[in-house]
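Okay, structure first, notes after.
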């Protein structure tokens, strides 16, 4: 069968590993080349209609195989059933008159109609195989298969047929007249979530396993693929080495993000130590616990307002210390017997890893190990934040592109980030024009203009101080949050700079030290740090970058200032103790780049299986 | 400074984002082009030696800048210190005679020697920047910097100098005479783990942050990078779309692997419900718990012997049910008060995700969602197994390449897997010859031959039954494990087939159903399933593949047979309910491919930050 099939595709190559022709290879060719070709295609029905055999205008014989005409005209003998078929609408109107659900005459009549062979007809199916936006028009005669079996949206088909010019002139150049059905995967129509046409994407978030069958998510997937390939190509062209960063880690990358813990202790046989204790002497455990609860609330408040990071880090540190106190109290009380307070301690030494481990928030610290040996390196993988916010731009699990360059200063990282965004933007414009056109029409008509803007001119570069100055001079706009030195710019501030003032992507650099993590290099003024963010229209903050502190003493001081657990960072400090180097890098939230490119700004619509707070379905 | 630097590299391009010349671009050029060029290079010292100034033969002026000669000859005036320097070895022999540690004369003399200026000398440094195996010979005159500062292995340098022909004829074509030191990152010699030469890699597993500075791990990283690029290129060339698979999942992919749990409940304020209960009536909770413990041991035993998977799945299921019983008992007892048994239940509804979530073991099930809409798709990401085995080929966190193809049968997957391995193998041979040569010498002299074997001929394809037959006919070899139908082939069996019988990679297909997961398609004989493994010399099992069951009824029966929790798989069954399609795919342990290509067969040596049982250092 293999060689037979290979022989009859003269002008369209077979898909290498599936003995069928990919639809894109059909649409990439002119119809002149294709008419009369016998091909096998597979895909899923996007929409369908049915025409009665008689009214269908007979297409001029397309010079194809003789069997074609026979198939198009169908069985010739006019049976009794066929005569009855022509009268069905008449019977139906009688039935309406008879009415009621339990009318015996109606029931009898219905059963007769059901037993009738279906009227000869042709099912016209729009079939997509995911290789491009366009669907192929596929015609199936009812003599081959019952239309009701193949017409429901979502039906999977593998068919063999002849390509021909459409009988009815329309926007299509080519259609397929089916001669043989090789596979039908039916659909349970009332249970299939895509049976309804043009369901809004947010309705489909609970059926993420079916979303790629929508034209929109299929386009998003192709653009996601293109941006992935562009990313690897950019770094390969520029001599970067790809390095896998660990997902499970014991290192807290910034000191203030909520992290997921990885364990083997839950839900198996209980391995936790239950500690029963008497807390009546000295410090009351209950009161300490109450203070933790109070402090937690403060932290949540600080996080919510997204304000001073140093204050946040200090508050978190405070809780950590109080927790330690609790642990000590518990340990001290452990040997004593009593019943007044019952609590528990998790004994991590019994876990798979003997220390507490987390899902990584960022791979940049680990990536430095490789930059401090091999020069320019990058990574591309999933990163995790157990953030309960309802922001559209963040879910628990997102992919990030991270890079680190030895012998490189902040300005080098700016140039690299600028080049990178231009490269991947151009790649999308060149390789995804059909998908961008579709999404422009369906989702956001500004996507192409935004890509052109990003790829055609240098980004605006301003310092944080300049940004504040520019914003405070704005008179005709009242911002929700005040513009104060030492606090974060809000999304509103950032988008005003990008959309209203500079009208292009903006690089904001030289942030106050309180606003950036401990590892960012302190500038000579002692107040600002060598970091920048890139803000783009619509998506907002796409890239966070920094030159990282290469001076051991400064880094140690920063860790102490923020009361971070120094023992966790010993390996990181080692990189400064031995052969330290000036280096810089950035991280880009890749899913946000996809969101920005496709115009679907809620990342839950562009991530294949999004995991957010309170949601994890499969 | 930027433009000035750019101007003086006539023949060697600057690294785009770091204002230095990458060493590989120097070695890629002939020395004729390079002599006399002024360049900036950066890197880390791999080894060093020091020569006294006088005995160094004066190189013929290489027609370079006048400053060169002056720098090479150094300061001309002969100071008192310099005279003393020439006598140091004489003083040292006197000191030896004086002996003892507290001899005042010796101490006085030592302090005089220490205060002397160092003798004029030239430090000869082998500097690597990670871009290739070779190091650049860099000469630094002691008048520029004290040799003791730059000579220790691991020192980081950024220097400017003139390229010239080496003064001493040797294997090198070119060396750098330093004129300006721009950065030195020193090393604390006795604390730097790489100070010793040629430390075995396994000694370095606890210092994984420094491993990339070894020539071996640098080579591994470059090969890893090349194989990554080759992987993406193969799939791009063949029309596959890249899709990110979720890391956090609620779905158990095969029903028998140990999984990591993801939670937000531990180590914070205690959120677990402590249940105090009286278990004196009816079934004794303690006896149920004892039986769980007993059953767990059985499971461990089954896992250890790596035998019948169906028995294993059943045993695990049995434990699951018993655990459920415990939970029910606990729930029933919850409202009662008592103290005889204390236990606890984790309330997952209070966790970040409201259901129990795991780190994914495999992305293939999720990938099917995309194949069943878009045709050919692949993924490349980290996968996790909480396996306590001490196998060299597995650690807790490994990257896998997975693909899924719609309208594709098992044979198509075989062709694809065969093509894939040949493509990436050829890519490595063409792009990593220097690294392969180095690793051949240092690690395993068979790596190039094995790559040639893999890329030059079709793999042997045999069924599991044929494999058994061939193995039972082996007379001159006694295998440790018996060859019985329905049990796994051991590594010993597999490597015998590959190394001794066929002498090339072997594809073993049509396994008994008991040996493969529930989703593998049942063959028409009702006994075997449509799966295959690819076994290669040295690494062993590199690829696991299957055509997955597209028939809803068969799949449902399989899930029932294995007592798997059907509710977890409802979304997966949905793909069969609506528009089901024949499809196949495979998964490849990428880190094992790297191990195989580099000859470092212990994957802990090729994974950047390996996580294995009892180990997670950073």
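Residue numbers (UniProt numbering), protein chains in the order written: chain A, 1 to 618; chain B, 1 to 618. Glycine residues also receive a C-beta, built at the ideal position from the N, C-alpha and C atoms.
Status (buried if at least 16 other CB within 10 Å, exposed otherwise) for residue i
i	result
residue 398 (chain A)	buried
residue 565 (chain A)	exposed
residue 454 (chain A)	buried
residue 609 (chain B)	buried
residue 510 (chain A)	buried
residue 619 (chain B)	Lying before the first or after the last residue shown, residue 619 (chain B) is absent from chain B, which here runs from 1 to 618.
residue 337 (chain A)	With a pLDDT of only 35 at residue 337 (chain A), under the threshold of 50, the placement of this residue in the model should not be trusted, and no figure is reported.
residue 197 (chain A)	exposed
residue 456 (chain B)	exposed
residue 209 (chain B)	buried
residue 352 (chain A)	buried
residue 203 (chain A)	exposed
residue 430 (chain B)	exposed
residue 393 (chain B)	buried
residue 168 (chain A)	exposed
residue 213 (chain B)	buried
residue 350 (chain B)	exposed
residue 424 (chain B)	buried
residue 249 (chain B)	buried
residue 1 (chain B)	Note that residue 1 (chain B) has pLDDT 40, beneath the 50 cutoff, so the model's placement of it is unreliable and no number is given.
residue 282 (chain A)	With a pLDDT of 41 at residue 282 (chain A), under the threshold of 50, the predicted position of this residue should be treated as unreliable, though the coordinate-derived value follows. Answer is exposed; the Cβ neighbour count stays below 16.
Whole-number beta carbon distance between residue j and residue i, since they are thought to touch under 8 Å
i	j	result
residue 584 (chain B)	residue 413 (chain B)	4 Å
residue 359 (chain A)	residue 260 (chain A)	4 Å
residue 464 (chain B)	residue 512 (chain B)	7 Å
residue 154 (chain A)	residue 194 (chain A)	6 Å
residue 125 (chain B)	residue 145 (chain B)	Actually they do not touch by this definition, with Cβ atoms about 11 Å apart.
residue 494 (chain A)	residue 541 (chain A)	7 Å
residue 449 (chain B)	residue 599 (chain B)	The Cβ separation is near 11 Å, so there is no contact.
residue 163 (chain A)	residue 34 (chain A)	5 Å
residue 467 (chain B)	residue 497 (chain B)	6 Å
residue 185 (chain B)	residue 156 (chain B)	3 Å
residue 555 (chain A)	residue 576 (chain A)	6 Å
residue 612 (chain A)	residue 396 (chain A)	6 Å
residue 590 (chain A)	residue 401 (chain A)	5 Å
Residue closest to residue i, alpha-carbon to alpha-carbon, out of the options
i	options	result
residue 539 (chain A)	A:148, A:568, A:554, A:595	A:595
residue 40 (chain B)	B:182, B:580, B:29, B:50	B:182
residue 522 (chain B)	B:217, B:559, B:569	B:559
residue 218 (chain B)	B:44, B:549, B:531	B:44
residue 215 (chain A)	A:264, A:605, A:612	A:605
residue 211 (chain B)	A:247, A:438, A:374	A:374
residue 18 (chain B)	A:107, A:235, A:407, A:189	A:407
residue 192 (chain B)	B:105, B:152, B:600	B:152
residue 47 (chain B)	B:395, B:205, B:147, B:12	B:147
residue 567 (chain B)	B:221, B:120, B:252, B:388	B:252
residue 557 (chain B)	B:419, B:206, B:526	B:526
residue 573 (chain A)	A:548, A:142, A:247	A:548
residue 158 (chain A)	A:223, A:441, A:23, A:107	A:23
Neighbour flag for residue i against chain E, beta carbons, 9 Å
i	result
residue 242 (chain B)	The structure shown contains no chain E; its protein chains are A and B.
Whole runs of the alpha helix (DSSP H) within the stretch 352-407 of chain A, excluding any shorter than 4 residues: Correct list: 364-374.
Below 8 Å, can you find three or more Cβ-Cβ pairs linking the stretch 470-484 of chain A to the stretch 429-437 of chain A? Not touching, per the Cβ criterion.
Within 8 Å, do at least three Cβ pairs link the stretch 164-181 of chain B to the stretch 129-145 of chain B? Yes: the two stretches touch, three or more of their Cβ pairs being nearer than 8 Å.
For the stretch 369-386 of chain B against the stretch 375-394 of chain A, are there 3 or more C-beta pairs whose distance is under 8 Å? Contact holds: three or more Cβ-Cβ distances are below 8 Å.
Quick check: the stretch 220-229 of chain B against the stretch 233-244 of chain A, are at least 3 beta-carbon pairs closer than 8 Å? Yes: at least three Cβ pairs fall under 8 Å.
Alpha helix (DSSP H) runs contained entirely in the stretch 408-465 of chain A, provided each spans 4 or more residues: Within the stretch 408-465 of chain A, the complete alpha helix (DSSP H) runs of at least 4 residues are 410-431, 433-442, 447-456.
Ignoring anything shorter than 4 residues or poking outside the stretch 463-511 of chain B, list the alpha helix (DSSP H) runs there in chain order. The stretch 463-511 of chain B contains these whole alpha helix (DSSP H) runs: 464-472, 491-495.
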